[in-house]
Amino acid sequence: MSNYVAIRKWADEEVSSQRADKARIAIGLGTCGIAAGGNAILEAAERTLANNEEIKADVVSVGCIGICYKEPLLDIEIPGQPRLSYGPVTPGETKKILENVFIHNIYEHKKALAVIDDDAFSEIPSWNEIPFFAPQERTVLRNCGFIDPEKIEDYIANDGYAGLSRALLDMTPEAVVKETLDAGLRGRGGAGFPAGRKWTIAADNIHTLRESQPDLPSYGYVICNADEGDPGAFMNRSVLEGDPHSVIEGMIIAGYAIGADYGYIYCRAEYPLAIDRLKLALEQAREKNLLGENILGTDFSFDIKLKEGAGAFVCGEETSLIASIEGDRGMPMPRPPYPAQSGLWGIPTIINNVETLNNIPVILSKGAAIWAEKGTEKSKGTKTFALTGKVENTGLIEVELGMSLRQVIYDIGGGIPDGKEFKAAQTGGPSGGCLPKEQLDLTIDYEALAEAGSIMGSGGLVIMDESTCMVDVARYFLTFTQFESCGKCVPCRLGTKRMLEILTRITEGKGKIEDLDALEELAPSIRDSSLCGLGQSAPNPVLTTLKYFRSEYEAHILDGRCPAGQCKALITYTIDKVDCVGCVVCLRACPVDAITGAKKEIHIIDTDICTRCDTCRQVCKFDAVLIDGNLL
Amino acid sequence: MKKITLTIDHKKIEVPEGSTVLDAARAAEVYIPTLCDDPLLEPFGACRLCIVEIDGYRGLPTACSTPAADGMQVRTSSAMIETNRKTSMNLLLSDHPLDCQHCVANMRCDLQYVAAYVGVRGDNPYQGEKRSYELDDSNAFYNRDLDMCILCGKCVRACDEIQGRQAISFGYRGFSTKITAPFDLPIWESNCESCGRCVDMCPTGALFDKSQLKHGLPTGETKTTCPYCGVGCGLIVETKNGEIIGVRGDRENSVNEGHTCVKGRYGWEYVQHPDRVKKPLIRKYLLEGKKKSEIDKSSSDWEWAETSWDTALDITASNLAQIRDSHGADSIGFLTSAKCLNEENYLMNKLARQVIGTNNIDHCARL
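If you read the protein sequences in the order shown, they are chains S and Y. Each number in my numbering comes from the position in the first sequence (counting from 1) with 2 added on. Each number in my numbering comes from the position in the second sequence (counting from 1) with 4 added on.
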């Protein structure tokens, strides 16, 4: 019996003995779940159990299942019964639901969300019937929200480490590289370079190094890039928190494939829960001989060290990341040499994103052909997105590549809230661009997004409605890239600064029409002559907004008007004489006493005093506060 | 070493393997503007001025960081290159004071030269905030005026790669990036050894010797060897009106490739100092053949008097011999100097051990 068969047997037994006759109450406690109040739900569940001896169940915390807008989530799994999901629940509802289910056998509840993989209840929809989940394909998120990320047996019992076992026991390293090449997996960090090609180059260099210098302490490194930093992106965090072993397994397979002997996970320090779970997962993998010396009894040895980032966005760029691990300031170096030629400590190194590595075990356990059934010809597989912004259903989603933006926003996302119009979708974070409604039928794949002026990026997807000012959006992203520029190369350090100054000027109503020429000159120059990806992609938000929303720029400059009603210097607040009932609520709320009037008298805003803080509009119950004469 | 052949602007050039495109261009005497590269430092790729076009390469690779390859076809000028170079230079100057008349680097400023070469003048389309810092004049030998700094990073790399001191690094981010000593303290409070290599490499007036403030440009230069120790570093002594106004390392000297220590670069004021002893001095009583026990130290006998080398050496020799005869050889000790040549130190060793007969000899380098 091979070591893996024994480990798998152990895991299956552990899981079935843990669950044999006991129900499981699972609370989503990713960072998102905690932020939504998940800890209070956990306490409420534990308290309910303590007070009701007849409820026999384990309370466990799981990762994020992705349905953010329904957090906090409460899942109940009773042996022999389908798994039920409730959300968003309050501590009081938690008590009620648990008592209903366990004592009174009543499953229906107004917060009942779905039945997982079953249609046992007519009142409660099946998981796959919910519009948010129905169009999704879960490969990367296969375990997130289902397994206990702190238990290796849960991962193994769900085919975990089967890919590693196949690679190590049945395949040569060359065959593993070939399998990855055949799958057509492209880097999920944003640029989309084929992972198998990167591995091939590194494997060749490691082989050459081994031949020429037989006495080196190590010959190759695998780095997992977990420095996810795009504003609004949380795909990697959810995977690390919900399924850490999948990434570790991917790294070990990569190490075997290229002939590396050591790995680093470079995880941003702002992800404390991910770091804790990774540390635990690494220990568990070592205990089970899945990591360390002679993995699964073979000649292959590989270990992984966790390195925490120090809060620099640029360290997601691979040469900066390497500098940071080496103890230097995170600043990029010119390539070539590429890390696959000379990387960490001058040794051939591959750097793969969390999601890229997470796909590897599936490719190895199921085979490249099955994995590659999904996706388009050039963009294979699935991709996770952090769907946020002005969309009904926010959350972490995973879709087959080739799906249209429209399907993602309207079918999964449920469209734009409050009856507003869709304006733009921002993909790829500060390196990406804003796509207008004419591009809604664009398919999500590497080429189509690049063609439209944006990028796939790591998976940030921010939806904007008509109340979003596109000049202000460009200004926001430039503020981010300017602050995160390492300051090394001239176009990025000074070019983004000058663009930001121009954009700020325009949003303040001080723009000149020549400013648009300056932006159009600067942007391509910064893109073409910056040293690293940060600078090269920094102009994208400006270029795409200029391309698709030029009239909005012109309105700011020529008409002194912000069509979205967002730029404070260009808008005026007034109170509608017809709708105002004279309730004095806004008058009292105004922090600068800009509103005059009395009870049952129409209120008036003094625009000279008004700071455009928007408080009056938010507190008015009669929609009487207008911006530039319009109700937003 | 394997040679490779490439073409730069229709000029064929053969260079050793491992050369960069910029190395090859220099060898072919094709000028490519750069502000952050120095042949003595590792490629850095910060100023983005040395962009070129290479057949088969995407975009505009930088000549400083791209390895030269066999059969490469390189163009150093095109509409695309010129546009991007101009933008980079305009951006650099948009954050740089433009009153060159007031700058100590005027007429020896690389930024000034390259800006003129690229064709950038006063009509900068990109105007905006300029960084402004207080002058750091804490160091005894040089000043740091970070308003002038273009963040080429040469000083940081010189300190790290050549002097091995790492006294300064990049600090902060984005537009606020600046070169700092640890904790952003004045440079004098860092572990800077004042070797002056950073000053030597600075392409602008951000780092300059305090002496430059007084004297302007030199009118003469003399190649010489540093007199401080036995290493024998090549120096270039800058002079004006018959006086030394500065010293820098000689890049063509294979011993130090332009590098010096603090003494070689900054320890030259003694040469023309009024207190400098130029002839041997000897106590008057010794000239008059008196004994130390016979004289009053408050009298003129105790004063120093100028004398010839022959007289000074004769008196020293006879006194040494007398001390050895009356008190024994081990009552005498010899201390030699790093300023002496190896040969001189060898002779001193002979003098101590064989002429005087003592092993009491040591060297200042051991202290």
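Where a beta carbon is used, it is the ideal one built from N, C-alpha and C, also for glycine.
So, under 8 Å CB-CB, residue i and residue j are touching, yes? Tell me the CB distance rounded to an integer number of Å.
i: Y:L26; j: Y:C54; result: 6 Å
i: S:G391; j: S:M466; result: 6 Å
i: S:G198; j: S:V224; result: Their Cβ separation, rounded to whole angstroms, is 14 Å, which puts S:G198 and S:V224 out of contact at 8 Å.
i: S:V583; j: S:T613; result: Not quite, the Cβ-Cβ distance comes to about 24 Å (not below 8 Å), so this is no contact.
i: S:R500; j: Y:G224; result: S:R500 to Y:G224, Cβ: 44 Å. No contact.
i: S:L293; j: S:I306; result: 6 Å
i: S:Q138; j: S:I399; result: 6 Å
i: S:S381; j: S:R188; result: 7 Å
i: Y:A185; j: Y:I166; result: Their Cβ separation, rounded to whole angstroms, is 18 Å, which puts Y:A185 and Y:I166 out of contact at 8 Å.
i: S:E181; j: S:L366; result: 6 Å
i: Y:R177; j: S:E423; result: Not confirmed; about 37 Å, so no contact.
Please work out which residues of its chain come closer than 6 Å, Cβ to Cβ, to residue i, disregarding the five sequence neighbours upstream and downstream, and give them in chain order.
i: S:P541; result: A525, I528, R529
i: S:S63; result: I29, L31
i: S:A38; result: E73, P74
i: S:M3; result: With a pLDDT of 49 at S:M3, under the threshold of 50, the modelled position of this residue cannot be trusted, and the question is left open.
i: Y:T340; result: N349, M352, H367
So residue i contacts chain Y; which residues on that side make the cut at Cβ distance below 9 Å?
i: S:G497; result: T91, S92, L95, Y130
Determine, using beta carbons only, whether residue i and residue j come nearer to each other than 8 Å.
i: Y:E156; j: Y:P207; result: A small correction: the amino acid at residue 156 of chain Y is Cys; Glu does not occupy that position in the sequence shown. Result yes, Cβ atoms of Y:C156 and Y:P207 sit closer than 8 Å.
i: S:G186; j: S:A374; result: yes
i: Y:V78; j: Y:Y146; result: no
i: S:E125; j: S:E110; result: yes
i: S:A205; j: S:A256; result: no
i: S:V627; j: S:Y575; result: yes
i: S:L389; j: S:V410; result: yes
i: S:I158; j: S:R10; result: yes
i: S:I362; j: S:V401; result: no
i: S:A114; j: S:L86; result: yes
i: S:G191; j: S:T358; result: yes
Go through its chain and collect everything with a Cβ distance to residue i's Cβ below 7 Å, but skip five positions before and after it.
i: S:E394; result: G415, G416, G417, P419
i: S:R21; result: P81
i: Y:Q216; result: V108, G250
i: S:D232; result: G431, P432, G459, S460, G462
i: S:E243; result: G32, T33, G65, C66, P151, L275, A276, R279
i: Y:L211; result: Y146, R148, C159, C202, V203
i: Y:W272; result: I248, V251
i: S:L589; result: I597, G599, H605
i: Y:I360; result: L324, R328, A333, I336
Looking only at its own chain, which residues have a Cβ that is under 8 Å from the Cβ of residue i, when we skip the five neighbours before and after it?
i: Y:R169; result: C163, N195, C196, E197, C199
i: S:A585; result: In the sequence as displayed, the identity of residue 585 of chain S is Cys instead of Ala. Same-chain partners within the cutoff: K601, K623, F624.
i: Y:K218; result: I249
So which residues on chain S does residue i lean against when the C-beta distance must stay under 9 Å?
i: Y:P71; result: P338, P339
i: Y:S98; result: L496, K499, R500
i: Y:I55; result: D530, S531
i: Y:T181; result: S487, C488, G489, K490, R495
Quick one: what's residue i bridged to in DSSP?
i: S:M458; result: The partner list for S:M458 (beta bridge, DSSP) is empty, contrary to what the question assumes.
i: S:F624; result: S:F624 is not bridged to any residue.
i: Y:T226; result: Y:V241
i: S:T351; result: S:Y223
i: S:M466; result: S:A426
i: S:C269; result: S:A228, S:E310
i: S:N632; result: S:I629
i: S:A25; result: S:A59
Under 8 Å Cβ-Cβ, which residues of chain S neighbour residue i?
i: Y:A50; result: K490, C491, V492, L533
i: Y:P47; result: P336
For residue i, which residues in chain Y fall below 8 Å Cβ to Cβ?
i: S:S527; result: T87, N88, T91, S92
i: S:M333; result: F174
i: S:A520; result: P129, Y130
i: S:E503; result: G132, E133
Strictly below 7 Å CB to CB, what residues from chain Y border residue i?
i: S:E375; result: What S:E375 touches in chain Y: nothing, since even the nearest Cβ is about 32 Å away.
i: S:Q484; result: G178, F179
Can you confirm whether residue i, when its beta carbon is compared against all beta carbons of chain B, has any partner nearer than 8 Å?
i: S:S487; result: No chain B appears in this structure, whose protein chains are S and Y.
List the residues of chain S that residue i touches, going by C-beta distances under 7 Å, in chain order.
i: Y:L10; result: The premise fails here: Y:L10 is roughly 15 Å from chain S at the closest Cβ pair, so nothing lies under 7 Å.
i: Y:T66; result: P336
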